[in-house]
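Residue numbers (my numbering), protein chains in the order written: chain Z, 1 to 242; chain U, 1001 to 1633.
The C-beta atom is built at its ideal place from N, Cα and C for all residues, glycine as well.
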């Protein structure tokens, strides 16, 4: 695996709440350039909220988020996105009224401060997601669930991110699509994009990620390589089994 | 009916539809992206007309050419577009996250402000605009003359539709607008600066409203009533067409105006009723309108949090209320005639506001047209007493709540089928239709002048005695309504308010309960209306106007929407302040508009809400605040 490199994304003591219900109680997560890290935990443990709080979609009410050395806590999502942090939501949230091409157009923006990197073009994306190339003009509502999932990733890549938050990529997908998702994550990694993904499925996580955090009740309970996590029955029993 | 007449009628229908579409398209686009129903859209339309009657004649001095005429029209629309941008920057930007009720109120505050500003700048007299050069003649069609300008208008609508579709599908701005209409949070997460998008959208929306207004000047003098008359029509078009859908607005405008054009031939008096029937049918069959989509989670509530915990009165509170009631009852003994008059009005409005809060605070049903039931009660009582029956007051006071309840039953049947902003707009539309009927059915209702001679029975003729009649009826009704909050019925309504689907899932028939609440509230408002008409001795359409509905909402908000008794305090404060200040200033509407916006921005919990939180703070000390984000960097 790649040598330990610079930290690209870091949260310290990140706290967030929905109204009066506190969900995160101080989450510390670190993502280094080029690595894939899984954030594991059960339903309601705080995985998605962590990603949303990093992205500014849920306001943080404590702690900090640092992206590429900048404190982005409290920033609006579009500014964080423009710095080069991509976000792929859990429920896909593609624009169903728009065509595939228009969906990608919404995501298109120039790379922020990444000199020397080739910006994502439609051609490059279609090389990774050949299905999308065939249905450029199709309305997104007429796509299958798996195709929509690919489109959300492609749409985020159009924004030339340096790191991507990927929320529950394997949830609710047919096994063959899950495999494609894993390929997509590895393709991103191969392009040098760091990925922080939330996941319940340990098999998926271990197939794609270098390290893993385990979150429970809004705080990190375990941190280690995915191999160690797979071997650690105690942690798996306590925080991941249903 | 010969063919040429049918053709001419169809052509005028098309011209009106075209003009209406231009305006409604702006409303629907702004709603689609910002999710704000912009009352001030009608004000933009009016401003467009006033700008045009100012700019176009000035331009035509240089050369009476069609080109300069249209340059003037476009310039007027541009000015209005810029006003839209200013409104976005100054106001809307602060209220995207607040509950829908507050958004509606705040934009209505802008309506009031613009009304007084227009009055100040252009004066109260209608201003007739120039006719379009080169289009002053008539075109001969099957032996009938049809104005060339109307013919031109017929093509404007489709042209605007085409241009809008082009913008929506072929420009990045348009693609972003369509994406934001569906999920604006996601658009933001993809790096699009929503603020810019919203500002651009407001420009486009206000521009279209201004264009619609400016195009009217050869057919209609610019006048101060244009804003509210068009906004109802535009609301109806967007609701029928589907909010956010431009093609939907086009189809809806076409259907409505053709229905009016031909309805007038068959039922000259009831074209309004036809529009009402159309809207009712569409909303029952397709609740989201012809081309609309179910509302996506917009990330903010319809309502500010309503009444949460019902506590019984503490001993002190009970004493305070008894004391207040006693003080009120002593007003005729110690007070002068003016105080008695104000006292009567406060009790009447308190009853209406209290019944409205049964719907809003308790039921989560945001009614923007409570004046409809108040007005129906007033008219029922007034017409019964003055009409051929010459019925006594006692009978009228029995019939009025029944009439209010029946009107609420009829309208409510459709209203409770919807939710959120659609529901609010439908309540408003029904109220405006009621208003229009009372305004236009001159033979029966006296039209604009209303009917005078609505006096109480002889035994209650003195102000003091009538005061006690009002006190007895309104206070007992308020107590009875208050009791409802504490019954299982009240709890059921709150459950449905907090989650209609969950209430449904545990076996509560949400629609029927809401409908019942609507009927009860309508009946109480009807009684209040009747009491009011006897105190004034007359009835007139202002009792059903939007302003009256807004006054009721303001009373609730002033008092505090989260409290059961707040509306009473709110009514007392709001009405006293209004009654005191209104004669002192020519700019009452301006100040009311500013106060509405101030309440929404600064003081959203009202007086009683503020007292409650103050007490909570003093009692328990400040709640531990989590550390503000970004501090520990």
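Compute the Euclidean distance between the alpha carbons of residue i and residue j, then round it to the nearest angstrom.
| i | j | result |
| --- | --- | --- |
| residue 1264 of chain U | residue 1166 of chain U | 36 Å |
| residue 1041 of chain U | residue 1231 of chain U | 7 Å |
| residue 1464 of chain U | residue 1339 of chain U | 11 Å |
| residue 27 of chain Z | residue 33 of chain Z | 20 Å |
| residue 1436 of chain U | residue 1540 of chain U | 12 Å |
| residue 1256 of chain U | residue 1109 of chain U | 29 Å |
| residue 115 of chain Z | residue 191 of chain Z | The predicted model places residue 115 of chain Z with a pLDDT of 49, which falls under 50 and marks its position as unreliable; any figure quoted below should be read in that light. Looking at the two C-alpha atoms, the distance is approximately 14 Å. |
| residue 1576 of chain U | residue 68 of chain Z | 59 Å |
| residue 1245 of chain U | residue 1478 of chain U | 43 Å |
| residue 164 of chain Z | residue 1202 of chain U | 32 Å |
| residue 1222 of chain U | residue 1380 of chain U | 34 Å |
| residue 1102 of chain U | residue 1600 of chain U | 6 Å |
| residue 123 of chain Z | residue 103 of chain Z | 15 Å |
| residue 1197 of chain U | residue 1006 of chain U | 45 Å |
Could you tell me whether any Cβ in chain Z is nearer than 9 Å to the Cβ of residue i?
| i | result |
| --- | --- |
| residue 1190 of chain U | yes |
| residue 1293 of chain U | yes |
| residue 1186 of chain U | yes |
| residue 1357 of chain U | no |
| residue 1172 of chain U | yes |
| residue 1178 of chain U | yes |
| residue 1038 of chain U | no |
| residue 1144 of chain U | no |
| residue 1201 of chain U | no |
| residue 998 of chain U | Because chain U in this structure spans residues 1001 to 1633, residue 998 of chain U falls outside the shown range and cannot be described. |
| residue 1175 of chain U | yes |
| residue 1562 of chain U | no |
| residue 1362 of chain U | no |
| residue 1009 of chain U | no |
| residue 1194 of chain U | yes |
| residue 1298 of chain U | Only weak support exists for where residue 1298 of chain U lies, its pLDDT of 46 falling under 50; the value from the coordinates is given anyway. For residue 1298 of chain U, the answer is no, since every Cβ of chain Z falls outside 9 Å of its Cβ. |
Report the CB separation of residue i from residue j in whole angstroms; it is logged as a contact under 8 Å.
| i | j | result |
| --- | --- | --- |
| residue 40 of chain Z | residue 199 of chain Z | 6 Å |
| residue 1217 of chain U | residue 1052 of chain U | 5 Å |
| residue 89 of chain Z | residue 56 of chain Z | Going by Cβ atoms, the distance from residue 89 of chain Z to residue 56 of chain Z rounds to 13 Å, so no, they are not a contact pair. |
| residue 1403 of chain U | residue 1376 of chain U | 5 Å |
| residue 186 of chain Z | residue 208 of chain Z | 6 Å |
| residue 1214 of chain U | residue 1077 of chain U | 6 Å |
| residue 1024 of chain U | residue 1253 of chain U | 6 Å |
Quick one: does residue i have its CB under 9 Å from some CB of chain U?
| i | result |
| --- | --- |
| residue 87 of chain Z | yes |
| residue 106 of chain Z | yes |
| residue 103 of chain Z | yes |
| residue 209 of chain Z | no |
| residue 155 of chain Z | yes |
| residue 169 of chain Z | no |
| residue 159 of chain Z | yes |
| residue 76 of chain Z | yes |
| residue 121 of chain Z | no |
| residue 144 of chain Z | no |
| residue 81 of chain Z | yes |
| residue 97 of chain Z | yes |
| residue 93 of chain Z | yes |
Using 10 angstroms around the beta-carbon of residue i, count the other beta-carbons present and answer buried if the total reaches 16, otherwise exposed.
| i | result |
| --- | --- |
| residue 1454 of chain U | buried |
| residue 1623 of chain U | Here the model assigns residue 1623 of chain U a pLDDT of 42, short of 50, so the residue's position is not dependable, and the following value carries that caveat. Answer is exposed; the Cβ neighbour count stays below 16. |
| residue 1562 of chain U | buried |
| residue 1605 of chain U | buried |
| residue 203 of chain Z | exposed |
| residue 136 of chain Z | exposed |
| residue 1169 of chain U | exposed |
| residue 1261 of chain U | buried |
Within its chain, find whatever has a CB closer than 6 Å to the CB of residue i; leave out the 5 residues flanking it on each side and keep chain order.
| i | result |
| --- | --- |
| residue 1199 of chain U | 1085, 1088 |
| residue 1322 of chain U | none |
| residue 225 of chain Z | 211 |
Could you check whether the Cβ of residue i sits closer than 8 Å to any heavy atom belonging to the ligand COA?
| i | result |
| --- | --- |
| residue 1240 of chain U | Absence of the ligand COA is noted for the structure shown, with no ligands found whatsoever. |
If you drop the 5 nearest sequence neighbours on each side, which residues of the same chain put their C-beta closer than 8 Å to that of residue i?
| i | result |
| --- | --- |
| residue 126 of chain Z | 132, 133 |
| residue 1515 of chain U | 1409, 1412, 1413, 1416 |
So, at 7 Å on beta carbons, what are the nonlocal neighbours of residue i in its own chain, with the 5 sequence-adjacent residues on each side left out?
| i | result |
| --- | --- |
| residue 1481 of chain U | 1354, 1355, 1358, 1524 |
| residue 1427 of chain U | 1367, 1368, 1369, 1415 |
Is there a Cβ of chain B sitting closer than 9 Å to that of residue i, yes or no?
| i | result |
| --- | --- |
| residue 1183 of chain U | No chain B is present in this structure, whose protein chains are Z and U. |
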